[in-house]
Amino acid sequence: MHPQVRSVGSPCLPLQARLAIDADTAAFALRIPKIMKSLELLVERIILSSRSLKKK
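Residue numbers for the sequence shown follow our numbering, so the first one is 37 and each next one is one higher.
What follows is the structure, encoded as structure tokens:
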């Protein structure tokens, strides 16, 4: 595949498409901290439940 086609800022993409991709990327980047936090909570819950199962 041509390296130019793969990159987001390639000239063959119209400006609107590039802006849309940038907006998607930015929106996802803003959601990452929330995703990480919920993953942390999920892991904590799994650890706690596995501990309580071992105690029984």
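The beta-carbon is built from N, C-alpha and C at its ideal position, and this holds for glycine as well.
The structure displayed is predicted, hence computed values, not measured ones.
Val-79 beta carbon near the ligand PLP (any heavy atom closer than 7 Å): The model on display carries no ligand, and the ligand PLP is accordingly not part of it.
Quick check: the Cα distance between Ala-59 and Leu-51, rounded to an integer number of angstroms? The residue you call residue 59 lines up with position 23 of the sequence shown. The residue you call residue 51 lines up with position 15 of the sequence shown. Those two C-alpha atoms are separated by around 12 Å.
Taking only three categories from DSSP, how would you classify Pro-50? Residue mapping note: residue 50 aligns to position 14 of the sequence shown, counting from 1. Reduced to three states, the DSSP call for Pro-50 is coil.
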